[in-house]
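First the structure, in the form of structure tokens, and then the observations on it.
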Amino acid sequence: MKNLITLFIFTLFVSFVYSTTYQYARCNLEEHPGKLISGDVFFAYGIDNKLHVAIKADGDDYLGKERTVIIHNNGNLVRQLDETSIFNPTKSTEIDCLNVAGYIGTFKSESSISTPELVLDNQTIQGVDSLVGLTLVVYSNAPKSCPLTHYSDLGDILGKCVIGIGSFDYPLPEVIVTAMTGDSKKIPTKSDSNGAMKGLSNVNGNQAAICTLEPTSKFFGELTGTVYITSKFDEKSKAMTTSITAEINGLVPQSIHGFHIHSLGDISSGDGMSVGGHWDSSGQVHSLPPNPNRHYGDLGNICQYVVSTAYYSWTTTYLPYTSTNNLLGRSFVVHAIRDNGTVFGDRVGWCVVGLLSPTDNPPFKLPPSIQNNNVICSNSPPENQFTTPTPPPSNFFKNAFYIIITLSILVYLYKKTVR
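Numbered according to mature numbering (1 follows the signal peptide of the UniProt record, and there is no 0), the sequence shown spans residues -19 to -1, 1 to 400.
The structure is reproduced here in structure tokens:
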């Protein structure tokens, strides 16, 4: 026993000594309707004290020409974009390529294996002016002059994404690894910490965030929805009160799904795993509300429906919403089965949490029948816990069925002719 304790203490010591804090963010491009582009944009704070950004993408509408990358001042993927929404904390009156933080630059890739890189002086992925939680957009044109004369000079939107806190468990381009560590073979691991985050300038003021849900590869069918978050300072309790509501389409009506906030906002793996574990603090355990020692990200379950649309509503003072610890750049995840405090199944839906102006209109309205804080779903029958649609039948059986029907018809016609 003494030897085991010694080994445990030594392991903790080694982990502490050799653990490094990096700053790394990632953005998984979602193609604009009618456009062909896919890939990722990577951000890393380098040992040269500058922000490095690289893009690894593919698609007929991306390759072969210079494209411009712009950051907008919110994380709402469906919001109308224009020159006034370009991220511009210095309040420059022109779209200036040097001084406007939202102007990242132009990239050109001749093939899907190339990873062009830029080194930025005026951008960051930490603090109040962080790019984390904001919308990145790839435009079709490269400006011929700067400042830009018109926003329309940027051309069509090819793809966009919300910048999230990245995962070290999934492949990083060599140029990004080299920027962070000085050695392309010295790849950060899960034992290292990630300092990328989005700070808040007014921690006691009203805050808002948004998350646009999409299915993972574990979900069979279409899944869409929106998570809407608001937070305000409560004078009575001297704490931030956070309200989380969600509207989701594509789930089996009356089914129950675990619902959580995960620590990272990296949706690159496709299967839900790259967002890491639940958002938590040291010593917290997985549980259900209102357990006072549960993970920050333990939100209970989704179980309220109006016809085929699922809704979620919960208000709490439990979640931190400070300039150094908040949910921006993290992710919401919908799980395959009910969270009973121990298990909750595959990750079937996810999204990256983006910044929203508290003055923006809510993206949806909760029906009057939806109860607030009914997240344990204690009144729902246990047989409703299995919640994902039935997988589509295999093509083998489908084709075999058609072959049998066709052969049966041919045999029938042959016998009829012979008679």
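Each residue gets a CB set at the ideal place from its N, CA and C atoms; glycine is no exception.
**Request:** Evaluate residue 264 with the Cβ neighbour count: other Cβ atoms within 10 Å of its Cβ, from every protein chain shown; 16 or more gives buried, anything less gives exposed.
**Result:** By the neighbour-count rule (16 or more Cβ atoms within 10 Å), residue 264 is not buried but exposed.
**Close Cβ partners of residue 203 (< 8 Å) along its chain, the five nearest in sequence each way excluded** = Excluding its 5 nearest sequence neighbours in each direction, residue 203 has C-beta neighbours in its own chain below 8 Å: 196, 230 and 231, listed in chain order.
**Item:** DSSP state of residue 162 mapped onto helix, strand, coil
**Value:** Of the three classes helix, strand and coil, the one that applies to residue 162 here is helix, per DSSP.
**Message:** Does residue 212 come out as helix, strand or coil in the three-state DSSP assignment?
**Reply:** If DSSP states are grouped into helix, strand and coil, residue 212 belongs with the strands.
**Request:** Give the DSSP bridge partners of residue 328, in chain order.
**Result:** DSSP, once it has assigned bridges, lists 316 as partnering residue 328.
**Message:** Rounded to the nearest angstrom, what separates residue 193 and residue 106 at their Cα positions?
**Reply:** Going from the Cα of residue 193 to the Cα of residue 106 covers about 21 Å.
**Request:** Specify the secondary structure class of residue 133 as computed by DSSP and reduced to three states.
**Result:** Taken through DSSP and simplified to helix, strand or coil, residue 133 comes out as helix.
**Prompt:** residue 48 bridges to which residues according to DSSP?
**Reply:** Bridge partners of residue 48: 88.
**Item:** Nearest residue (CA-CA) to residue 7, options 212, 35 and 218
**Value:** Sorting 212, 35 and 218 by C-alpha distance to the C-alpha of residue 7 places 35 at the top.
**Message:** Please determine whether the Cβ atom of residue 94 lies at a distance below 6 Å from any heavy atom of the ligand NAP.
**Reply:** The model on display carries no ligand, and the ligand NAP is accordingly not part of it.
**Asked** In angstroms, rounded to a whole number, what distance separates the CA positions of residue 329 and residue 237?
**Response** Taking the straight line from one Cα to the other gives about 13 Å.
**Request:** Check whether the Cβ atoms of residue 270 and residue 281 lie closer than 7 Å to each other.
**Result:** In this structure, residue 270 lies near residue 281, with their beta-carbon atoms less than 7 Å apart.
**Pick from 82, 262, 4 and 350 that is closest to residue 23, judged by C-alpha positions** = The candidate whose alpha carbon is nearest that of residue 23 is 4.
**Request:** Put residue 36 into one of helix, strand or coil per three-state DSSP.
**Result:** The answer is strand: DSSP assigns residue 36 an E or B state.
**Request:** On a CA-only basis, which of 56, 49, 113 and 300 is nearest residue 223? Give me that one, please.
**Result:** Nearest of 56, 49, 113 and 300 to residue 223, Cα basis: 300.
**Message:** Using the three-state DSSP reduction, which class does residue 203 fall into: helix, strand or coil?
**Reply:** DSSP, read as helix, strand or coil, puts residue 203 in coil.
**Request:** State buried or exposed for residue 210, treating a residue as buried only when at least 16 other CB atoms are found within 10 Å of its CB.
**Result:** Counting Cβ neighbours within 10 Å, residue 210 comes out buried, since at least 16 surround it.
**Asked** Based on Cα-Cα distance, which residue from 215, 293, 49 and 65 lies nearest to residue 207?
**Response** Comparing Cα positions, the closest option is 293.
**Prompt:** I think residue 310 touches residue 146, with their Cβ atoms under 8 Å apart; what is that distance to the nearest whole Å?
**Reply:** Contact flag correct, Cβ pair sits at about 5 Å.
**Message:** Using a Cβ-Cβ cutoff of less than 8 Å, which residues in the same chain neighbour residue 302 once the five nearest sequence positions on both sides are dropped?
**Reply:** Cβ-Cβ distances below 8 Å link residue 302 to 181, 184, 188, 212, 221, 223 and 308 in the same chain, with the five nearest sequence neighbours on each side left out; the list follows chain order.
**Request:** Quick one: residues in its chain with C-beta nearer than 6 Å to the C-beta of residue 127, no 5 flanking neighbours on either side, listed in chain order?
**Result:** Around residue 127: 78.
**Request:** Have a look at residue 30 and residue 52 and give me their C-alpha separation to the nearest angstrom.
**Result:** Between residue 30 and residue 52, the C-alpha separation is close to 21 Å.
**Item:** Same chain only: Cβ atoms within 7 Å of residue 250, ignoring 5 sequence neighbours per side
**Value:** Contacts found: 151.
**Where the beta strand (DSSP E) containing residue 196 begins and where it ends** = Note, residue 196: beta strand (DSSP E), 188 to 196.
**Request:** State the Cα-Cα distance for the pair residue 169 and residue 175, rounded to the nearest angstrom.
**Result:** Between the alpha carbons of residue 169 and residue 175 lies a gap of roughly 10 Å.
**Message:** My output table needs one value for residue 254: the three-state DSSP class, helix, strand or coil.
**Reply:** Secondary structure at residue 254: helix, using DSSP grouped into helix, strand and coil.
**Prompt:** Roughly how far, in whole angstroms, is the beta-carbon of residue 331 from the beta-carbon of residue 313, given that I think they are within contact range, below 8 Å?
**Reply:** Contact annotation, residue 331 with residue 313: C-beta distance approximately 7 Å; criterion of less than 8 Å satisfied.
**Message:** Rounding to the nearest angstrom, what Cα-Cα distance links residue 256 and residue 101 in this structure?
**Reply:** If you take the alpha carbons of residue 256 and residue 101, they lie about 26 Å apart.
**Message:** With a threshold of 7 Å between beta-carbons, can residue 163 be considered close to chain D, or not?
**Reply:** Looking for chain D here will not work: only one protein chain is present.
**Request:** Pick out the complete alpha helix (DSSP H) segments inside the segment 108 to 152, 4 residues or longer, and give them in chain order.
**Result:** List check, alpha helix (DSSP H) in window: nothing returned.
**Message:** Counting beta carbon pairs with one atom in the segment 58 to 66 and one in the segment 37 to 50, are three or more of them shorter than 8 Å?
**Reply:** At 8 Å Cβ cutoff, the stretches do not touch.
**Prompt:** To which residues of the same chain is residue 246 closer than 6 Å at the C-beta, ignoring the five residues directly before and after it?
**Reply:** Taking residue 246 as the centre and dropping the five residues before and after it, the same chain places the C-beta of 145, 146, 310, 311, 312 and 333 closer than 6 Å to its C-beta, in chain order.
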